[in-house]
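Report on the following structure.
2 protein chains.
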Amino acid sequence: MTYQTPLADFDFLLHRVLKISTQDIPGYADLDPGFTAAILGEAGKLSEQVLAPLNAVGDREGCRLENGVVRTPAGFRAAFDALRDGGWTALDCAPEFGGQGLPSLMHTAINEPFVSANMALNMFLGLTHGAYSAIATHGSAEQKALFLPKLASCQWTGTMNLTEPQCGTDLGLIRTRAEPAADGTWRITGTKIFISAGDHDLAENIIHLVLAKAPGGGEGTKGISLFIVPKFLPDAAGNPGALNAVQALKVEHKMGIHGSPTCQMAYDGATGFLLGDLHKGMRAMFTMMNEARLGVGMQGYAVAEAAYQAARAYALDRRQGRAATGAADPTQPADPLIVHPDIRRMLMDQKSFIEAARAFTFWSANLIDRAHRLGQADADALVSLLIPVLKGFQTDMGFQMTVQAQQIWGGHGYIEDNPMSQFVRDARIAMIYEGANGVQALDLLGRKLPAEGGRAVQAFLALVQTECQAHGPEMDAFTAPLKQASKALAAALGTLMEQGARDPDSALAGSTDLLHLMGHVAFGLMWTRMVAAAQADLAAGAGDAAFLRAKLITGQHYMTRHLPLSALHLARIQSGGETTMALDPQAF
Amino acid sequence: MTYQTPLADFDFLLHRVLKISTQDIPGYADLDPGFTAAILGEAGKLSEQVLAPLNAVGDREGCRLENGVVRTPAGFRAAFDALRDGGWTALDCAPEFGGQGLPSLMHTAINEPFVSANMALNMFLGLTHGAYSAIATHGSAEQKALFLPKLASCQWTGTMNLTEPQCGTDLGLIRTRAEPAADGTWRITGTKIFISAGDHDLAENIIHLVLAKAPGGGEGTKGISLFIVPKFLPDAAGNPGALNAVQALKVEHKMGIHGSPTCQMAYDGATGFLLGDLHKGMRAMFTMMNEARLGVGMQGYAVAEAAYQAARAYALDRRQGRAATGAADPTQPADPLIVHPDIRRMLMDQKSFIEAARAFTFWSANLIDRAHRLGQADADALVSLLIPVLKGFQTDMGFQMTVQAQQIWGGHGYIEDNPMSQFVRDARIAMIYEGANGVQALDLLGRKLPAEGGRAVQAFLALVQTECQAHGPEMDAFTAPLKQASKALAAALGTLMEQGARDPDSALAGSTDLLHLMGHVAFGLMWTRMVAAAQADLAAGAGDAAFLRAKLITGQHYMTRHLPLSALHLARIQSGGETTMALDPQAF
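First to last, the sequence lines map onto chains A and B. In terms of this note's numbering, the first sequence opens at residue 1 and continues consecutively. In terms of this note's numbering, the second sequence opens at residue 1001 and continues consecutively.
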C-alpha cells in the first residue's frame, strides 16, 4: 500500500476549526501551526516510509508461536524501534516518567497516520499506552517509578487481560483467581483469551494487567481486582529478572490484524501486584475506557482513510467505459473510473464520513484535555456521553466505507495481492473489541444518557442548537438537515424515555438506532463547524481556495446523503420493540 | 458448520404462497407437495451431511496449482461425485441430453441448500449449468449432441471467460483474438483472468466458453464472438482427446471462496469452435445473464441463511449477562444471549431479510418458467427488470446480514476456528462478480427501466397496488408501509426521468439508491403475499400455527424496520447528483 498523511486536513482541523492555540488549556499555547505541522509531518513520514510498507507483510506473515515465544512479522522489530527511538510512544506521558507532556489531542493526531499505515503494529503502542494510563492513575508511587518510564518508552509493553473462554461482556463470570501470598504479592491463576500482544519479540518485558477475583469480594463484578503481572519479574535494579508463571499457549488465527498476536494466556500461580484498591478492579478499568474506546473509534475511520486513498488512486488510474456525457479522454480507449457517478458517489460517501469522523475524534480528545487539564466536569460528562457513539458509530460506518472502497476495485479488490481485502478484514475487528458495538449502544442508553438526569445529552443538544444559530443566514440552507436531525434525536429521546419506563426491552431494541442517530447529529455538527470555518477563510481570502471549496461540497454531501438516515433511525425507535421481542426463542 | 435445510419454509413458499401445483405451466402439475418435499429433503440431506462438513475444509486448504494442474481441497472430489451421481446437476436440463426436465424453479430451490452448505463447491455446478444453457441456446445440433450430455451430468464442467487484465465491466476492451483456421475451427490467443473453475481435478474435461475478437467485427463490443474451447479436444468418439493449447497459469489468493479455484488462463492458439453467430458473442452472453445473476443473488441470501443459523445457535447457547426484565434462567449464572433485545434485533433483521429474499428468488424463477415454458413476454420483461435488483440488492443486504450474524459471535466470530469469518469473506464476492452491484444499478436504470417505454416497471407497480388491495381490511395496517414505499418508488422514477433528460450524471448518481428502493418494494410485496398466505392458513386452521404466527411477526418486522429505508433512498435520489459530481478529480 501507499499512504499519504492528510496533513492539510490536520492543519485545517487543529487551527481553523478547533483553533487550538487560542484555547485556554495548559499546554495548548505551544501548539502553534508551525509546531504541530513539524510533529505531524514527522509522524506522517514515519507512517508513509516505515509503517505502511509493512502492512501487507504483517498480514501475510502473521505472528507465530515458536518454542513458547511469539514471533512477529519480519520488519516489525525495526519499525517498533523507530517508533520508540522517535519518542512517539510517550508524546502525552508525564515528563517525570520520560514523556513529553503534550496534550491528548496531539497524541490522538499523531496516532491517526500510524493506524492508517499499519493498524496491527500500532496496537502494541496503544495497549502499552493503556497500561501506562492505568498505572499512572491507580498505581502506588513505587509502581509508577518502576513501570511508567519503561512503558512510556515502550521498552516494556503492556496488555489488558479481561476476557476468558466463558466470559466476554459479562465480566461477572470471571474465574481467574488471585490468592494473597505472605510477602504482600498475589498468586494469579486462570486462563485469559483474546489478549492482544500477549506475547511477542518486540520488547524485553511485557506488563500484563489482569482482572481476577480475590477472596472476600463477593459475587459478580464486585469481587474483581486488577493486578500487574509482569512476564519477567523486575529485579532489585528494576530490570527484567525471573520468568513469571505466565505463558502464551496459542496465537489465534484471525480474520485480520494478523500482525497483532492475539494470545491465549495461562496464569499458573503467577506473581501479581495489586493495582489500585482491592475489589475495585472494575472501577480502575472504567477510568481507561474513554481513552481505549477513542482509540478504537479512530481505527474505524483511519483504516477507512487508507482504503479511501487506495480506492481514489484506483478510480483515477483504472480505465473502464465512458462518461455518460461523452468521452472524457478521447485519446484513450476508455475513461478513468472516476467519471462514473456511482464511483464518485462511493468516494464522496467515504470522504464525507472520514473527515467528519476525524473532526469528531479530535474534538473528543480536545474535550478530554479540558476534563483532565482544566478539570471541567461538563467536558468530562460530555465526552463520556459521546465516547460510545464515537466507538460504535465510527467503527460501524468505517467498516461500511472500507467495504465500499474495496467495491471500487471490483474483482481486483477481492484478490489478496491487492491491499483492499486486508483493510476490510482489519477494520472488522474494531466493531467487536473494546466492547462490541451493541454494548456501546447499551452503555449509551442505559448508563450515559440517564447520568445526572440526562444533563449531558441536553448539553449536547443545546450545543447543536447554538451552532445552528451561530452563523449568518447564508448557512441556513446548509444547517437545515442538522436542525431536522437534532429534532429527530430529541424526539427519539422522548420516545425512549417513555418506553424505558413502561417496557425496558422496547427501549433496548432501539439502542443501536439511537447510537447511530446521535452519530449522525454529531457528524452534522462537525460539518457545520468545518464548513463555517472554510467559508470564513474563503471570505477572508485565506488558505487554499480549492481545498476550502472541497470542504463545502463534501460537507454538503454529508448533509444531503448521510443525515437523512436520522429519520430512519427515529422511525425504527418509534416502532418499538414489539416485533423484536415477540418470537419465542425456539421460533427463530 | 452445522446446517439445517429450511424445508418448512420451502414447502410454505412453494405450496402456500406460490401454489405451484395449481399454476398452469408445463411441468408444474407434477410438483405436488409430496414430490417437492421428497426432492428437497434429499437435496437437504446431501447438503447437511456431505457439503456442509467440507465448507471449512475448502476454506482452509484452498486450491493449488501443482505441475500445471489445479488440485481441489480434500473431499471435494467425493462430494462432487455424490452431486453428480444423485442427478443434482441436471434437474432442469432437457431429457434428450440426460436431464430430468424439471422447471427452473425446482433447480433454484434445490440449489439453495447446496449454496448455504458450501458456496465454493456449488460454483462448479453453477458454471457448468451456465455453459450448458449457452450451448443449449446457441449451439449447433452437433455441438449440443457432443457437449450437452457431458455438461448435464457434470462429467465435464464449464467456465465463462470474459475478464482480462485490462477489462472487466468494459468488454469492448477485450484483446483475446480468434483467427479462423482452414478446417473451420478457430485459433484463440489471449489471457483471461478471474476464471472460476478454470482448472481443477473434479472432472475429466473442462469446456471453456471464451469471448474473443474475430477479424472484421469492428470496434468495441460489436466485434466480439463466443467460442467453445475444450481443455481436451473431443476425439471422434466424443471422449477427451488431445490437450488443447490452454493452461492455468495461476490460482488467485482470494479473500474467500477458497474452495473455488479462480484461475488466470493462457490461450496460446488454442482450438475453439464458434458458438452462435460470428460477432454476436455479447448477445449470446446476455441470454445467460438472468440465470447467472439469479444464481449470484441466491448466494447473497443463502450464505446469510447459513450465517443466521450459526448466529441463532450461538445466541441460544452462549450465556452473558441478564435479561433487562430480570433473570430468565436463575438456575444459571447468566442468561443466553437471545434475551438481549439488541441480539434479537439483529436476528430478526436477518430472518426477515432472508425469508423475503427466498420468496423473491423463487418467484423470479417462477417468472422465468413462465417466460420459457409459456413464452409469456410480460413475464420475461418483468423478470429482466427484476434480475439486477435481485442480484444487487440481495448481495448487498446479504453481506450486511452476514456481517451482523458474525457480530453476534463477538470476538469468537473473528477467529478462523469458527465459521463466521468464512461466511463473511465468501459472501463478499457476490457483490462484485457477475457484474459489480454498481453495474447492476446501471443496467436497471439505463437499460431495464426505459425498455419499451417503462412498461415493465409500470407493470411491477401495478402488481404491488393490486396486491395491497387484494386482501381484506385486516391487512390494511400491514400493507401501509408498502403503499408508502411504492409511492416513493413512483416518485423516484419521476425524478430520475426528469433528471435523466436534463443531466444524465445526476440520475446515475441515484442508480444504487433506486436499486435498493426497488428491492425494498419487492420484498414488501413478498412479505404481503407470505403474511396473507399465513393468515389464510391460520384462519382455516391449516398448517403449523407457531410457524405461521412467526411469519406474521417476521413480516411485520420487515415492514417496520426495513421498509422505512425507502424514504431514505427517495431523499437521496431527489437530492440529485450535485455534490457527487462537483469535485474536480484531483480534489478527491
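Glycine included, each C-beta is placed from N, C-alpha and C at the ideal position.
Through-space distance from residue j to residue i, alpha-carbon basis
i                         : j                          : result
proline 1149 of chain B   : arginine 1425 of chain B   : 34 Å
alanine 307 of chain A    : tryptophan 1527 of chain B : 37 Å
leucine 1565 of chain B   : histidine 1520 of chain B  : 8 Å
arginine 345 of chain A   : alanine 1509 of chain B    : 6 Å
threonine 590 of chain A  : glutamine 499 of chain A   : A query on residue 590 of chain A cannot be resolved here, the shown segment of chain A reaching from 1 to 588 and no further.
glutamine 1143 of chain B : tyrosine 1267 of chain B   : 21 Å
proline 1504 of chain B   : serine 352 of chain A      : 23 Å
proline 6 of chain A      : valine 1246 of chain B     : 47 Å
valine 1288 of chain B    : serine 1104 of chain B     : The displayed chain sequence assigns methionine, not valine, to residue 1288 of chain B. Roughly 13 Å between the two C-alpha positions.
leucine 374 of chain A    : leucine 18 of chain A      : 17 Å
glycine 216 of chain A    : arginine 1322 of chain B   : 23 Å
leucine 552 of chain A    : histidine 340 of chain A   : 21 Å
glutamate 42 of chain A   : aspartate 32 of chain A    : 16 Å
aspartate 1092 of chain B : alanine 1109 of chain B    : 11 Å
glycine 34 of chain A     : alanine 152 of chain A     : 25 Å
alanine 1492 of chain B   : aspartate 1170 of chain B  : 28 Å
threonine 512 of chain A  : glutamine 1574 of chain B  : 27 Å
tyrosine 314 of chain A   : tyrosine 414 of chain A    : 14 Å
glutamine 1586 of chain B : leucine 316 of chain A     : 9 Å
histidine 569 of chain A  : glycine 1269 of chain B    : 59 Å
lysine 487 of chain A     : glutamate 1578 of chain B  : 26 Å
threonine 262 of chain A  : isoleucine 354 of chain A  : 28 Å
threonine 163 of chain A  : leucine 1040 of chain B    : 43 Å
threonine 479 of chain A  : threonine 1089 of chain B  : 59 Å
Three-state class that DSSP yields for residue i in the structure shown
i                          : result
cysteine 1263 of chain B   : strand
isoleucine 1174 of chain B : coil
histidine 1208 of chain B  : strand
methionine 581 of chain A  : helix
proline 1215 of chain B    : coil
proline 330 of chain A     : coil
lysine 1487 of chain B     : helix
aspartate 417 of chain A   : coil
glutamate 1252 of chain B  : coil
serine 1511 of chain B     : helix
glutamine 23 of chain A    : coil
alanine 1602 of chain B    : Outside the displayed range of chain B (1001 to 1588) lies residue 1602 of chain B, so it cannot be described from this structure.
alanine 1377 of chain B    : helix
glutamine 247 of chain A   : strand
glutamate 1042 of chain B  : helix
lysine 351 of chain A      : helix
threonine 1466 of chain B  : helix
For residue j and residue i, believed in contact at Cβ under 8 Å, the rounded distance
i                            : j                         : result
alanine 1181 of chain B      : arginine 1187 of chain B  : 6 Å
alanine 1436 of chain B      : glycine 410 of chain A    : 5 Å
phenylalanine 80 of chain A  : leucine 121 of chain A    : 7 Å
lysine 192 of chain A        : methionine 265 of chain A : 4 Å
phenylalanine 114 of chain A : leucine 173 of chain A    : Not quite, the Cβ-Cβ distance comes to about 35 Å (not below 8 Å), so this is no contact.
glutamine 332 of chain A     : arginine 319 of chain A   : 6 Å
Between the stretch 1562 to 1587 of chain B and chain A, which residues of the former have CB atoms less than 7 Å from a CB of the latter, in chain order? The stretch 1562 to 1587 of chain B vs chain A, Cβ under 7 Å: Pro1564, Leu1565, Ala1567, Leu1568, Ala1571, Arg1572, Ser1575, Gly1577, Thr1579, Thr1580, Met1581, Ala1582, Leu1583, Pro1585, Ala1587.
Could you run through the stretch 1405 to 1417 of chain B and flag, in chain order, every residue whose CB is less than 9 Å away from some CB of chain A? Taken in chain order, the members of the stretch 1405 to 1417 of chain B whose beta-carbon sits within less than 9 Å of a beta-carbon on chain A are Gln1406, Gln1407, Ile1408, Trp1409, Gly1410, Gly1411, His1412, Gly1413, Tyr1414, Ile1415, Glu1416, Asp1417.
Any residues in the stretch 1427 to 1438 of chain B with a beta carbon nearer than 8 Å to a beta carbon of chain A? Which ones, in chain order? For the stretch 1427 to 1438 of chain B, which is checked against every Cβ of chain A, the residues closer than 8 Å are Arg1428, Ile1429, Met1431, Ile1432, Tyr1433, Ala1436, Asn1437, Gly1438.
Every unbroken alpha helix (DSSP H) within the stretch 1046 to 1125 of chain B, with a cutoff of 4 residues, ordered by chain: List check, alpha helix (DSSP H) in window: 1055 to 1061, 1076 to 1085, 1104 to 1117.
May I ask you to list, following chain order, the residues of the stretch 526 to 560 of chain A that have a beta carbon less than 7 Å from some beta carbon of chain B? Using a CB distance below 7 Å, the part of the stretch 526 to 560 of chain A facing chain B consists of Ala546, Ala550, Ile553, Gln556, His557, Thr560, ordered along the chain.
Positions along the stretch 1266 to 1288 of chain B whose CB lies within less than 8 Å of some CB in chain A: Those residues of the stretch 1266 to 1288 of chain B that come within reach of chain A (Cβ to Cβ, closer than 8 Å) do not exist; the list is empty.
For the stretch 233 to 254 of chain A, list every residue whose C-beta sits within 7 Å of some C-beta in chain B, in sequence order. Considering only beta carbons, the part of the stretch 233 to 254 of chain A lying closer than 7 Å to chain B consists of Glu252, His253, Lys254, in chain order.
What residues in the stretch 480 to 502 of chain A bring their beta carbon closer than 7 Å to a beta carbon of chain B? Residues of the stretch 480 to 502 of chain A with a C-beta atom less than 7 Å from some C-beta of chain B do not occur.
Give, in chain order, every residue of the stretch 1188 to 1205 of chain B whose Cβ lies closer than 7 Å to some Cβ of chain A. Within the stretch 1188 to 1205 of chain B, those residues whose Cβ lies closer than 7 Å to any Cβ of chain A are, in chain order, Phe1194.
Name, going along the chain, the residues of the stretch 1305 to 1330 of chain B whose beta-carbon falls closer than 7 Å to a beta-carbon of chain A. Those would be Arg1312, Leu1316, Gln1320, Gly1321, Ala1324, Thr1325, in chain order.
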